[in-house]
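Protein sequences appear in the order of chains A and B. In terms of UniProt numbering, the first sequence has 5 at position 5, counting the first letter as 1, and numbering is strictly consecutive. In terms of UniProt numbering, the second sequence has 126 at position 126, counting the first letter as 1, and numbering is strictly consecutive. Where a beta carbon is used, it is the ideal one built from N, C-alpha and C, also for glycine. Some notes on the structure that comes next.
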Amino acid sequence: MSDAGDRGVESIFEDLYEHAPCGHLSTTINGIIIRVNETLLKWTGYQREELVGQPFVSFLRPGSQLMFETRYLSVLHLRGEVKEVAVSFRHANGTALPMMVNSTVTTDGNGEPVTIRTAVFDASERQEYERELLAAQRKAEASETRIRVLQNASRVLTEATTDTALANQLTKITREAFAASNVSMYLLNAEGKLDLASGNPALGLLDLSGDGPARLLARPEGTMILSRADPLAKSSGLAEVMRGAQVETLVSVPLSEEASPLGVLISSFARSRSFEPDDIGLYEALARQSTQVLTRIHLLQQLERLTLIDPLTGLASRRLIQKRLSDAVTLSRLNHRSIALLLIDLDGFKLINDELGHATGDSVLSEVGSRLSSVVRHGDLVGRLGGDEFVVLCEDVTPDEVDRVVERLHATLRKPLTGRASQKRVTGSIGTILYLGGVPDHIPPDLILEQADEAMYRSKRAGKDQDTTVIVGDASPAEGHPVL
Amino acid sequence: MLIEAGPPSSEATTAASGVPSAVSRRNNVTVSGNPDGRAIVFAHGFGCNQSAWRLVTPAFLADYKVIVFDHVGAGNSDASAYSFWKYDSLLGYADDLLEILDELDVTDVVYVGHSVSGMIGVLAANRDSSRFGALVLVTPSPRYINAPGYAGGFEVEDINSMLDDLDSNYFGWSSIMAPLMMGNPDRPELGNELTENFCSTDPTIARHFARVTFLSDNREDLPLVTTPTLILECSADIVAPAAVARYVHQQIAGSTLVTLAATGHIPNLSAPDALTDAIFAYLK
Numbered sequence: 001m002s003d004a005g006d007r008g009v010e011s012i013f014e015d016l017y018e019h020a021p022c023g024h025l026s027t028t029i030n031g032i033i034i035r036v037n038e039t040l041l042k043w044t045g046y047q048r049e050e051l052v053g054q055p056f057v058s059f060l061r062p063g064s065q066l067m068f069e070t071r072y073l074s075v076l077h078l079r080g081e082v083k084e085v086a087v088s089f090r091h092a093n094g095t096a097l098p099m100m101v102n103s104t105v106t107t108d109g110n111g112e113p114v115t116i117r118t119a120v121f122d123a124s125e126r127q128e129y130e131r132e133l134l135a136a137q138r139k140a141e142a143s144e145t146r147i148r149v150l151q152n153a154s155r156v157l158t159e160a161t162t163d164t165a166l167a168n169q170l171t172k173i174t175r176e177a178f179a180a181s182n183v184s185m186y187l188l189n190a191e192g193k194l195d196l197a198s199g200n201p202a203l204g205l206l207d208l209s210g211d212g213p214a215r216l217l218a219r220p221e222g223t224m225i226l227s228r229a230d231p232l233a234k235s236s237g238l239a240e241v242m243r244g245a246q247v248e249t250l251v252s253v254p255l256s257e258e259a260s261p262l263g264v265l266i267s268s269f270a271r272s273r274s275f276e277p278d279d280i281g282l283y284e285a286l287a288r289q290s291t292q293v294l295t296r297i298h299l300l301q302q303l304e305r306l307t308l309i310d311p312l313t314g315l316a317s318r319r320l321i322q323k324r325l326s327d328a329v330t331l332s333r334l335n336h337r338s339i340a341l342l343l344i345d346l347d348g349f350k351l352i353n354d355e356l357g358h359a360t361g362d363s364v365l366s367e368v369g370s371r372l373s374s375v376v377r378h379g380d381l382v383g384r385l386g387g388d389e390f391v392v393l394c395e396d397v398t399p400d401e402v403d404r405v406v407e408r409l410h411a412t413l414r415k416p417l418t419g420r421a422s423q424k425r426v427t428g429s430i431g432t433i434l435y436l437g438g439v440p441d442h443i444p445p446d447l448i449l450e451q452a453d454e455a456m457y458r459s460k461r462a463g464k465d466q467d468t469t470v471i472v473g474d475a476s477p478a479e480g481h482p483v484l
Numbered sequence: 001m002l003i004e005a006g007p008p009s010s011e012a013t014t015a016a017s018g019v020p021s022a023v024s025r026r027n028n029v030t031v032s033g034n035p036d037g038r039a040i041v042f043a044h045g046f047g048c049n050q051s052a053w054r055l056v057t058p059a060f061l062a063d064y065k066v067i068v069f070d071h072v073g074a075g076n077s078d079a080s081a082y083s084f085w086k087y088d089s090l091l092g093y094a095d096d097l098l099e100i101l102d103e104l105d106v107t108d109v110v111y112v113g114h115s116v117s118g119m120i121g122v123l124a125a126n127r128d129s130s131r132f133g134a135l136v137l138v139t140p141s142p143r144y145i146n147a148p149g150y151a152g153g154f155e156v157e158d159i160n161s162m163l164d165d166l167d168s169n170y171f172g173w174s175s176i177m178a179p180l181m182m183g184n185p186d187r188p189e190l191g192n193e194l195t196e197n198f199c200s201t202d203p204t205i206a207r208h209f210a211r212v213t214f215l216s217d218n219r220e221d222l223p224l225v226t227t228p229t230l231i232l233e234c235s236a237d238i239v240a241p242a243a244v245a246r247y248v249h250q251q252i253a254g255s256t257l258v259t260l261a262a263t264g265h266i267p268n269l270s271a272p273d274a275l276t277d278a279i280f281a282y283l284k
């Protein structure tokens, strides 16, 4: 009775095993299948003898084999169990069977591993919708990432006020967005050559303008993607340069404003990469944003230049005078060279303006401007402060040279005027401040302008066509030159 | 072969001085064994971390200064140091390895790299061979994808489907990190400590590492190797088949190819003794 009973229990367990509601297989510790149940055979379409004796991994599809051999087995060995791992099994008829597998390692009395038991669940439907979800999720993530990159770019790039600042931001954003090993930005200079504006030189090349292999990258007509294996890379000789620089893929995006080129953005990748149309779209959107900002920066710089020039006389404007004076003061403190500032106020100009009108007045100012410019030393700065007030800034100058410049200024002003004002005369009241051996630290540039102005008024009070020179510093005062 | 939980990594010194430096922290570098012995570095492959070596390193502790570490993004490395552009090729990992060797100031190093770390070692030694005494490449492959005249074993679609698998297993990766129950019912705190360590990896980083590992082509780097090299292969290794091991052997002049009495791709876990013996035999 008891024998029969045991057999009954055995057969119950055997039936439970063979027809369990999940597939089951046991393998050696090396993964060779030693036992499978009926459920698994039925489901996978194999005969028992086709599976037993073979490595389990050999029935997985290649992608799953990689996953299984690297990740799954490492964890199984270290943890003794793995749960709910999705793999793809090859059905006897060649189709894919998505599975979820759980595995545990069984050990003998000494804790030595003996077998691996694996339960297998059909995940076809689950996997199908998971893959759909996954595809949708990836698409959403990719587009979200692109939008985030662009939003960030439009915020960060528009803050740039110089080419370099823009280039630094653009290369940083691009590098992060595309995981490029290097991104460099080149900008065309006045001679039409490409200068590196940011990043390490692409392929180690500082200048892309030459006839070398890199000329391909310098002026792409549109976004250019080049792999080292491309025939174009090989025929141009670029492949060899890429190999030397450990670059597998290059992306070159032109930066141009209404068809006129501004520069180029070059990304290097240390491994072979491919790009989706959306990636290229992102590249081009970044290029577009950057060229807009570049154009704005260039316009602002042009405006800036305009404000530095007095439009009437073409001389330096008050702003440029202040800037250059400040630079000259700083330099004189370092090199201890003398500097002089001459301020010239025209005598008799108001009369011309009142009697002959502003247009004639303007042409007189313009004529005076060119006369002044023609008698100063080479390198002196001539500017117009406003109205009929002019200045001359002389760097690295001696008292004698200052005297001679003053004399020449007087002489050129005394000459008869031309045009409608030919019957009128102007002269100049000149005030000069000369710092010997450089400007002391406590004297700010603005004060120097005031000092020259004071000296000029002294000349004015002394009558017209006079000059006053104030000398500051270690030198015996020349005759008639009061020293402060 | 099942693992008794070993000593927590904090018991080993983290650097020569005992104070972890920036590089040591980044790569969770642990140094143990004989401080006066020859340095041997073990680098783990894709899908795991330094615990992949726990069955192998004990044999080296008596005579060698044993150095293990986690690649950035794996194990207890500083995941915040992960940068997608730096690690978009194996060169980023090779630079890290060189920094670790510089920091420990070790020379004549025996470098043991499993799977993808074999190629990382090749790239590092090609960049600066001065610190390397020997390369041991365990089941390496310079390229997993078939190419004209080269049988890597896989097609691009296979790699893409593996990446799909990785994504599908996103939750699986989390559950793999669920509390470790085995081996230490008496010491749950040890279990927890190890739970965090065991092959845990950020899924996003894992996906990128997989892409970089399985889509790279480093065949041209093999002939440049000047460091003495031992190549260890297993039979029935689907990931790095026999033809690949032969290719690596042919391309590295003067290299030695040994077939271990082991199957599969991870002899460090499935046949640690055979692996250890082969390394000792080569170094003798």
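Closest residue to residue i among the options (Cα-Cα distance)
i                : options                                    : result
serine 255(B)    : Ser235(B), Glu157(B), Tyr282(B), Ala236(B) : Tyr282(B)
leucine 60(A)    : His77(A), Leu76(A), Gly31(A)               : Gly31(A)
cysteine 234(B)  : Met224(A), Asn335(A), Glu69(A), Gly431(A)  : Glu69(A)
glutamate 248(A) : Pro416(A), Leu238(A), Asp278(A)            : Leu238(A)
lysine 234(A)    : Gly222(A), Leu216(A), Thr223(A)            : Leu216(A)
glycine 210(A)   : Ala180(A), Ile225(A), Thr223(A), Gly192(A) : Gly192(A)
residue 485(A)   : Leu325(A), Arg175(A), Phe390(A)            : Residue 485(A) lies beyond the range of chain A shown here (1 to 484); nothing can be said about it.
arginine 371(A)  : Leu356(A), Ala340(A), Leu341(A), Arg414(A) : Arg414(A)
valine 382(A)    : Ile344(A), Tyr283(A), Asp163(A), Leu97(A)  : Ile344(A)
leucine 282(A)   : Asn353(A), Val149(A), Ser363(A)            : Val149(A)
Per-residue DSSP class, three states only, for residue i
i               : result
histidine 71(B) : coil
glycine 191(B)  : Model confidence at glycine 191(B) stands at a pLDDT of 36, short of 50, so the residue's coordinates are unreliable; what they give is reported in the following sentence. Here glycine 191(B) sits in helix by DSSP.
glutamate 11(B) : Caution is warranted here: a pLDDT of 39 is assigned to glutamate 11(B), below 50, making its placement in the model unreliable, and the coordinate value is therefore given only provisionally. Helix at glutamate 11(B).
tyrosine 457(A) : helix
glutamate 14(A) : helix
glycine 23(A)   : strand
aspartate 61(A) : Before going on, a small fix: residue 61(A) reads as arginine here, not aspartate. Coil.
serine 24(B)    : helix
proline 185(B)  : At proline 185(B) the pLDDT is 36, less than 50, meaning the model places this residue with poor confidence; the figure from the coordinates comes in the next sentence. It is coil, neither helix nor strand.
arginine 38(B)  : strand
alanine 178(B)  : Residue placement at alanine 178(B) is poorly supported in this model, since its pLDDT is 34, which falls under 50; the coordinates are not used for a value here.
leucine 365(A)  : helix
Contact list for residue i against chain A, beta-carbon separation under 8 Å
i                : result
alanine 52(B)    : Ser74, Leu78
aspartate 164(B) : Gly63, Arg131, Leu134
serine 161(B)    : Arg61, Pro62, Gly63, Ser64, Ser88
leucine 215(B)   : Arg271, Ser272
Partners in chain B for residue i, counting only beta-carbon separations shorter than 9 Å
i               : result
alanine 167(A)  : Within 9 Å Cβ-Cβ: nothing; alanine 167(A) doesn't reach chain B, min ~17 Å.
arginine 146(A) : Per Cβ cutoff of 9 Å: no residues; arginine 146(A) is ~15 Å from chain B at best.
Buried versus exposed, by CB contacts within 10 Å (16 or more), residue i
i                 : result
serine 260(A)     : exposed
asparagine 335(A) : exposed
lysine 65(B)      : buried
serine 290(A)     : buried
threonine 30(B)   : buried
isoleucine 279(B) : buried
threonine 263(B)  : buried
proline 185(B)    : The predicted position of proline 185(B) is uncertain, since its pLDDT is 36 and thus under 50; a value taken from the coordinates is nonetheless stated next. Proline 185(B) is exposed by the Cβ-count criterion.
Within chain B, partners of residue i - CB distance below 8 Å
i                 : result
proline 220(A)    : In chain order: nothing, as chain B lies at least about 22 Å away.
methionine 185(A) : The premise fails here: methionine 185(A) is roughly 16 Å from chain B at the closest Cβ pair, so nothing lies under 8 Å.
alanine 180(A)    : Trp85, Asp88
Contacts of residue i in chain A (Cβ-Cβ under 7 Å)
i                : result
aspartate 167(B) : Leu134
Amino acids of chain B, ordered along the chain, whose beta-carbon sits closer than 7 Å to that of residue i
i              : result
valine 57(A)   : Ile238
arginine 71(A) : Gly47
alanine 202(A) : Per Cβ cutoff of 7 Å: no residues; alanine 202(A) is ~15 Å from chain B at best.
Original post:
Using Cβ-Cβ distances below 8 Å, what residues of the stretch 113 to 130 of chain B are close to chain A?
Top reply: Ser115
Subject >> Near-chain A residues of the stretch 20 to 54 of chain B (beta-carbon distance less than 7 Å), N- to C-terminal order >> reply: Gly45, Phe46, Gly47, Cys48, Ser51, Ala52
**OP:** For the stretch 227 to 247 of chain B, enumerate the residues whose C-beta is nearer than 7 Å to any C-beta of chain A, in chain order.
**Re:** Ala236, Ile238, Val239
**OP:** Could you list the residues in the stretch 248 to 279 of chain B with a C-beta less than 7 Å from some C-beta on chain A, going in chain order?
**Re:** Thr263, Gly264, His265, Ile266, Leu269, Ser270
Original post:
What residues in the stretch 84 to 102 of chain B bring their beta carbon closer than 9 Å to a beta carbon of chain D?
Top reply: Of the chains in the structure shown, none is chain D; the protein chains are A and B.
Original post:
Which residues, in chain order, does the stretch 25 to 53 of chain A contribute to contact with chain B at a C-beta distance below 7 Å?
Top reply: Ile29, Asn30, Gly31
**OP:** Return the residues of the stretch 54 to 73 of chain B that lie within a Cβ-Cβ distance of less than 7 Å from chain A, sorted by chain order.
**Re:** none
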